Amino acid sequence: MKNRTLRGITALTLGSALVLAGCSGGDDADPGPTASAESTDAAEAPGVNENPDDIATLEAVEVSGDVGSEPTVEFDAPLEVSGPTAVVATEGDGDTLEDGMRVTMNIVNYQGSDAERTQSTWDEGATPQVFTLGDPQYDLINPVLTGTTIGSRIVFGNLSADADGNPTTLINVIEVTDATEPSGRERAEGEAVEPADGLPVVTLDDTGKPSIEIPDDYEAPDELVVQPLIKGDGPEVSADQSVSAHYTGWLLDGTQFDSSWDRGEPSDFPLSGVIEGWTTGLSGQTVGSQVLLVIPADLAYGDQESETIPADSTLVFVVDILDAY
1 MKNRTLRGIT
11 ALTLGSALVL
21 AGCSGGDDAD
31 PGPTASAEST
41 DAAEAPGVNE
51 NPDDIATLEA
61 VEVSGDVGSE
71 PTVEFDAPLE
81 VSGPTAVVAT
91 EGDGDTLEDG
101 MRVTMNIVNY
111 QGSDAERTQS
121 TWDEGATPQV
131 FTLGDPQYDL
141 INPVLTGTTI
151 GSRIVFGNLS
161 ADADGNPTTL
171 INVIEVTDAT
181 EPSGRERAEG
191 EAVEPADGLP
201 VVTLDDTGKP
211 SIEIPDDYEA
221 PDELVVQPLI
231 KGDGPEVSAD
241 QSVSAHYTGW
251 LLDGTQFDSS
261 WDRGEPSDFP
271 LSGVIEGWTT
281 GLSGQTVGSQ
291 VLLVIPADLA
301 YGDQESETIP
311 ADSTLVFVVD
321 ILDAY
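Just so you know, the sequence shown maps onto residues 1 to 325 in the UniProt record's numbering.
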């Protein structure tokens, strides 16, 4: 993701319709069963708003088209719900989603006020979103998907605010395209690799969380530095895959700006949707590996600020590759 921090590590931000703290996408998701997706009698999704008027409102949203492609979504505007509400428009015939699964989903968003389509993971350059079902960062979407099946399409509505701060309803149509069990790795595992002299020095605590010491005389490199620290015995990662990773990022002065370790959960993201230094640096590495990346600004965020990252910053990352799919 070229101009975004890795805190979000999202292929596409859903906005306040889902109020997700972060999502990520997977490029190789199974498109799910191909079937007619004409809107059926929608069933209430578990654990969300049970207001019958809101449920009836979303049941009136027509969702059509083949599963695996962006659906056609039609409804009469304005459409409003009083709180987060979900109905199943199409029941998939794949496996049932359970807590702990890594779920891949495509999403298209509409404004309830005027039925305008705003954004979609089917857009060119966007990617499906991937997250671990049950992750507390996604507490609004967890009950919507738990117990549904691969191939299902779900209409989800929630309150938000427009550009002027006025309340509005946002409508998401979510298609569950895949769900897999995670690898079970919690940290990099494999053969230790002796790093080249002069690089930032990485130290791990008992849990595997890294800290770093950057030499006082260390100069920002002109080219990407990729230094494996642990060589995992898993398959090689390719640029068209998504990975699950633990990571920490620092500025060249040693200031930490992000860490999945501090959040207590690894992050999932497509290598096609992150900064170029990650895409190039992690492609060809093996699952289970730990990699030190020193990324020049032109392969990171360039001359743009990104949250706590100043413009023209060289970035240092230690990445544990836990899985690829």
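Ideal placement from N, C-alpha and C gives every residue a C-beta, glycine not left out. Treat the numbers as computed from the prediction; the structure is a model and nothing was measured.
{"Check": "Under the three-state DSSP convention, the category Leu79 falls into", "Outcome": "coil"}
{"Check": "DSSP three-state assignment for Glu276, whether helix, strand or coil", "Outcome": "helix"}
{"Check": "Contact under 8 angstroms by Cβ, Pro235 with Val287", "Outcome": "yes"}
{"Check": "Cβ contact check for the stretch 298 to 318 and the stretch 200 to 212: 3 or more pairs under 8 angstroms", "Outcome": "yes"}
{"Check": "Helix, strand or coil at Asn3 [DSSP, three-state]", "Outcome": "Its pLDDT being 25, under 50, Asn3 is placed unreliably in this model, and the value from its coordinates should be taken loosely. Looking at Asn3 - three-state DSSP - the assignment turns out to be coil, as it is neither helix nor strand."}
{"Check": "Buried versus exposed call for Asn172 [16 or more other C-beta atoms within 10 Å across all chains shown]", "Outcome": "buried"}
{"Check": "For Ser82, the nearest candidate out of Gly249, Leu159, Glu91 and Gly198 (CA to CA)", "Outcome": "Leu159"}
{"Check": "Continuous beta strand (DSSP E) stretch holding Asp258: start and end", "Outcome": "Gln256 to Ser259"}
{"Check": "Asp135 classed as buried or exposed, judged by whether at least 16 other C-beta atoms fall within 10 angstroms", "Outcome": "buried"}
{"Check": "Nearest-angstrom beta carbon gap, Ser152 and Glu91 [assumed within contact, 8 angstroms]", "Outcome": "6 angstroms"}
{"Check": "Gly208 versus Phe75 - alpha carbon distance", "Outcome": "50 angstroms"}
{"Check": "For Val144, the three-state DSSP class (helix, strand or coil)", "Outcome": "helix"}
{"Check": "Presumed contact (8 angstroms Cβ cut-off) between Gly109 and Leu170, rounded CB distance", "Outcome": "Correcting the residue type first, residue 109 is Asn in the shown sequence and not Gly. Asn109 to Leu170, Cβ: 6 angstroms. Contact."}
{"Check": "Status (buried if at least 16 other CB within 10 Å, exposed otherwise) for Pro52", "Outcome": "exposed"}
{"Check": "Closest residue to Pro221 among Ser238, Ala297, Gln290 and Gln256 (Cα-Cα distance)", "Outcome": "Ala297"}
{"Check": "Close Cβ partners of Val225 (< 6 angstroms) along its chain, the five nearest in sequence each way excluded", "Outcome": "Val294"}
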